[in-house]
Structure formats: C-alpha cells, structure tokens
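Note that the protein sequences, when read in sequence, are chains A and B. Counting from -17, one number per residue, gives the positions in the first sequence under my numbering. Counting from -17, one number per residue, gives the positions in the second sequence under my numbering. Think of the CB as a built atom: it goes at the ideal place given N, C-alpha and C, for glycine as much as any other residue. Since this is a predicted model, take the numbers as computed values, not measurements.
There are 2 protein chains.
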Amino acid sequence: MSAFKIALVQSRAHKEREENIKEAISSVGKASALGVNIVCLPELFLTRYFCQSEDTNCFDLAEPIPGPATHRLCVEAKKRGVFIICPLFERRASGVYHNSLVLIDPAGEISGIYRKMHIPDDPGYFEKFYFAPGDTGFSCFETGFAKIGTLICWDQWYPEAARIASLKGAEIIFYPTAIGWRTNEDERSKSTQLEAWKTVQRAHAISNGIYVAAVNRVGFEESGENGGGINFWGNSFVCDPQGTVICEASGKREEIILAEIDLRKLEETRRNWPFLRDRRIDAYSELRQRFIDNNPST
Amino acid sequence: MSAFKIALVQSRAHKEREENIKEAISSVGKASALGVNIVCLPELFLTRYFCQSEDTNCFDLAEPIPGPATHRLCVEAKKRGVFIICPLFERRASGVYHNSLVLIDPAGEISGIYRKMHIPDDPGYFEKFYFAPGDTGFSCFETGFAKIGTLICWDQWYPEAARIASLKGAEIIFYPTAIGWRTNEDERSKSTQLEAWKTVQRAHAISNGIYVAAVNRVGFEESGENGGGINFWGNSFVCDPQGTVICEASGKREEIILAEIDLRKLEETRRNWPFLRDRRIDAYSELRQRFIDNNPST
C-alpha cells in the first residue's frame, strides 16, 4: 500500500488528566471515522506542561509503560483499528523518569517505545530536572503503511536525529511537541521563533526525502508566577519530502488535521534529489565531538 | 571586532575566461570601495558550467593552486585589503581534479583551500565525471573578523557538513553555488526547488546558530543539445543565526549584495537557542553508516 492517511491531534491541555484522556480517545474516534490509519497525539498530552517550574510533587504525574493511560489507548486502538502515537510522562523506576511515547498498534498492543533523546533546559522549560535522557536511540517502527520515526519536541532541532531515523528507514517522522511563547516576548521574536521551528523541520524532510509531521498543543498555561506562562503556538503541520507544507493547523484552536501520505512521492523525490547516495560517511566522525577546539586553519 | 561586512558577487558566466576574471576583479574593487571585508565569488566562476556534458577536453579548463587565477586574485586582495573566496576548477595532478576554492587573505596570500566533499551527479550536472571527492574535510578558517566555513554547492544539502564546520568554530558558512532549472521544468517544480534550496540552508543557520551566505550565478547556459540548458536561478542570500534572510539578490540580474555580520547576534541566538549544548554525541555513531538495514523494531 503506498497511500494512506494520518491525523494530528492539536489539543489544549485541561487541568484534569481524565478530561485530557477522554478528549484524546474522542479524537482518535473522530479521526478513525475519517479513514485515518495513524493518529498522533501531542507531547505530554495527559497534563498541563508542568515543566514551567521544578517541583518534586510533579513526579506523581508520571506513570509506567504499560500503565493506566496506555491501557485505555490500547483498547481504543483495537476498537478503531488504528495506530496511535501516545506520548506520556514515563515512570521507569524511582528516580528514573522519561519524556516518552509509545506506538500502539491496531491489535491494541504496544509495539514500540521511544524516550526523548535531546532534553532541553531553558527558562520555562525545565526538562532536565524531570527527564533522564532517552536510551532508546532514534527509533524506526514498521506499521505496514510506512516505516515511521518518532521523535519528541526538542529533538526537532537536531538534524542528527532525523538523519539516523531516516537511515533506519523512516518514511515519516512524527514530532509530538509542546512549544510556545513565554509571556512578554515581542511580536517579531514570536514570528521568528515560529518560522524557525517550521523551517528546521521542513529541512529535515528535504535533506532526507521524507514526510514530517509536527503535532503541537495550543492554549495559554500559567506558570504560577505573576500571571506569566506559556502560550503554546499550535501550527501543527505535515510537509512532504520536498518540504512543501501539505496541511497545517491554526495557532489557537483545537483541531484534528489530516494528511494523505503517498510513498510514491517519496520515491520520486529521492530519485530526483539523491542526497542519501552522496553522503561522505568516511568524513563524518567529528559529528561525535562536542566541539572541536583550536581548529581554524589560519 | 564583532561587526563587519561581506559581499556576495552574483554573476553571469561569459564564454571567455578572461572576461569572467576581469569582472570578478572589478566586483572585488567595487565591494571593497563599499567597506567590505570578505568577498565571495560563485562556484566555478571562471567558466560556463561545463558539467552539462562529459567531455575530456574540458579538463583543459582546470588550473593548479596556486596558478594563474589565484595569482591575479591574490594581487587584487592585497591591493584592496580584503579576503576573497575564490572557487575554481583545480588541476591537482594528471587525472586528479577537484571542484575547489581558495581563501585569499588581505596580504595577498592563499590562506586556505577547500575541496568540495559532496559531489553530485544528475542529468545536466555530471560532476562525478570531472571532480574527485574532496579530501580536505569540512574546513574552518580564521579571518580575524570571524571564523568562516567554506562549502560548495551540493554540500549545502548536507546538515553533516554544516555541523562539522560549526563545531570547528565557523560563525559564517559561505556556499559558492551553481544551481538552476533545466529546460522544460514546470513552474511549480521550479518554485519548489528554489524554496527547498533556501529552506535547507536557512535550517543550517538555525540548527547551528550561525550566519549562512549562498552565492549563485545567473543566466541561461546552453547544454549544446537541442537548445536545452540550465537557467541558473540567482537568489543569492545571507541569513542570520535565526534563519532570517537579511539580504537577497534577484533571480536574473548580476548583483553584488552586502550584509553586515554581527557576532553579538550569534552569541545572543546561541544563548537563547542552546542547541549545541544538548547534542547526544554518545548516540550519533550511526551517522557514519550508508543505510541501516532491517532495522524497524516491529
């Protein structure tokens, strides 16, 4: 099968976990009624974005894999006959937590797990406090429709991650995300950030000849400090292997957006832009260095 | 010094080599009169783009480094007190030719050489016939104004090249280029290609927090077959470390475009987007593989 449909669920996080999971299940139902084969939920969709502050009580929000959330989504995946990409705050052991996702297959089984490899830490995004760096590597999973790579948010800024997933065969990379503007950023800075976020992901599609699907949340969430917080910018989108955006969501509304994925387009693009053929794998060892000191030649 | 000026010389290649070198020297003079510190010429600017066909006679167009062209540009660099990035078809030995560039310093000396690492081969761009793959690695040169990376054309599609140059300290990457549309491509395909070309290079700026400067030629050059050929698309541009285009040329005219480079902007961008900090250098070894077979996990 070379063409099939995916759905990105752009949603707002409510305070109550139960409300979020019910909405997610409802969205999976709606998407499957529209003939979708793979549904992707946003990063950490079960909760508000708690990483705006460092609070040990927030570790209570984590759950194991398999666990309560994956159980309910496995039931739904089986009922609807769809794949679900389900991101969640994973409790792996006492003191070992991850920003993870599971791939649930149409039989209702967990068929893959990915743990966010690149962990940010910036004002308002204190993720290094909560999440141990992932140890899954950059995964690629077979769905029968396509091989899919699943990365999470901050990973989207790293061409290394997209490249390795592509070398493993990924034909689409999904990026569940929680990204927005902090209070008091100016309008110009906001549009620069949003444009950069789209550009860098479209470039992964181009340089690898793959589809890319980014799934963000929307809505303002308070940080608890002086009325500040993050306004999550939505703008979920799918682009094709030439980097052309084929569907996109608004910046403010909850939406389910659909895209048809055609692997013939991927084949055609890679025949005309054969970037993978000419990689200089003999010359890339320095990519494993943090920085290369004292290098300039003159 | 944290701010200085660069010039990109977008030019049309004439049939006569002497005319091309005279125009290049004239452009360097004009740019230096405008207070520019570094001038970049387009890929293979001394000749028409001979790679549209495979012809052993074309090896006569190559010249050694140092050689006649570098000699004249060294004289001009010293006279004007500027750096010149001078791309040329290099004859290194009988049967060993490269698509190269030299960095000439304001003292009139050759202070760096780069040999194109990624070599394309597509209809109309038969470069693998002419050019041995470079063996310089992805260089970074100190100019006193900034550390600069110098890559060439097809390299621009490879995030690996931009990353390694950045890890070596490059604060600007220059991409001398010869890219265009072949006869009979439709308008939609043309705009997709141009947009992808800009997007992937802007993404290198974003993911590395550097300036990027792409310098293309303009004009139609016949292939010698049925009136076909390549219409080189110009559109030379410079973008800042957030990927915002700060100057750009037209698609058809010969132009010298100038950009002010401010390394404080680079510092500020990397403080706010600290992508280099979080690279998973422990997990990138697979980047040295051509492809990773039989990987999908399910």
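- Not flagged as an interface residue toward chain A: residue 172 of chain B, since no C-beta distance is shorter than 8 Å.
- Nearest Cα to residue 117 of chain A within the set B:270, B:262 and B:70: B:262.
- Neighbours of residue 268 of chain A across chain B, judged by C-beta separation under 7 Å: 146 and 149.
- With a cutoff of 8 Å on beta-carbon distance, residue 24 of chain B and residue 184 of chain B are scored as not near each other.
- With a 10 Å radius around the Cβ and a threshold of 16 neighbouring Cβ atoms, residue 166 of chain A comes out exposed.
- Straight through space, the alpha carbons of residue 219 of chain B and residue 187 of chain A are spaced by roughly 22 Å.
- By the C-beta density criterion, residue 10 of chain A is buried, having at least 16 other C-beta atoms within 10 angstroms.
- In the DSSP assignment, residue 197 of chain A falls within the unbroken beta strand (DSSP E) covering 193 to 197.
- Residue 16 of chain B counts as exposed, since fewer than 16 other beta carbons sit within 10 angstroms of its beta carbon.
- Within chain B, no C-beta atom comes nearer than 8 Å to that of residue 57 of chain A; the closest sits roughly 19 Å away.
- Distance check between residue 172 of chain A and each of B:272, B:224 and B:36 places B:224 closest, using alpha-carbon atoms only.
- Within the segment 42 to 56 of chain B, not one residue has a Cβ closer than 7 Å to any Cβ of chain A.
- Counting along the chain, no beta strand (DSSP E) covers residue 11 of chain A; the unbroken alpha helix (DSSP H) around it starts and ends at -1 to 15.
- For residue 225 of chain B, the nearest beta carbon of chain A is closer than 8 Å to its own beta carbon.
- Against chain B, a Cβ distance below 8 Å from residue 261 of chain A picks out 100, 140, 142 and 272.
- By alpha-carbon distance to residue 94 of chain A, the top candidate from A:178, A:47 and A:-10 is A:47.
- Residue range -15 to -8 is occupied by the beta strand (DSSP E) that includes residue -8 of chain A.
- The C-beta distance from residue 240 of chain B to residue 18 of chain B rounds to 6 Å, short enough to fall under 8 Å.
- In the DSSP assignment, residue 245 of chain A falls within the alpha helix (DSSP H) that extends over 245 to 254.
- Just so you know, the alpha carbons of residue 56 of chain A and residue 4 of chain A end up roughly 13 Å apart.
- In terms of Cα proximity to residue 243 of chain A, the closest of A:228, A:132 and A:181 is A:228.
- For the pair residue 217 of chain A and residue 233 of chain A, the Cα-to-Cα distance works out to about 5 Å.
- Boundaries of the beta strand (DSSP E) around residue 157 of chain A: 154 to 158.
- Taken through DSSP and simplified to helix, strand or coil, residue 237 of chain A comes out as strand.
- Interface flag for residue 182 of chain A against chain B is set, since a Cβ pair is found closer than 8 Å.
- Of A:120, A:-15 and A:192, the smallest CA-CA separation from residue 264 of chain B is found for A:120.
- Nearest to residue 114 of chain A by C-alpha distance, out of A:72, A:40 and A:51, is A:72.
- For residue 75 of chain A and residue 100 of chain A, the gap between their C-alpha atoms comes out near 20 Å.
- Within its own chain, the residues whose Cβ lies closer than 7 Å to the Cβ of residue 246 of chain A, once the five positions on either side in sequence are excluded, are -16, listed in chain order.
- The C-beta of residue 89 of chain A has fewer than 16 other C-beta atoms within 10 Å across all chains shown, which makes the residue exposed.
- Not a single C-beta of chain A is nearer than 8 Å to the C-beta of residue 241 of chain B.
- Along the segment 105 to 119 of chain B, the positions whose C-beta sits under 8 Å from a C-beta of chain A are 115 and 119, read in chain order.
- Relative to the Cα of residue 230 of chain B, the nearest Cα in the group B:252, B:208 and B:196 belongs to B:196.
- With a cutoff of 8 Å on beta-carbon distance, residue 14 of chain A and residue 54 of chain A are scored as not near each other.
- Of the candidates B:30, B:8 and B:85, B:30 places its Cα closest to the Cα of residue -5 of chain B.
- The C-alpha of residue 210 of chain B lies about 10 Å from the C-alpha of residue 106 of chain B.
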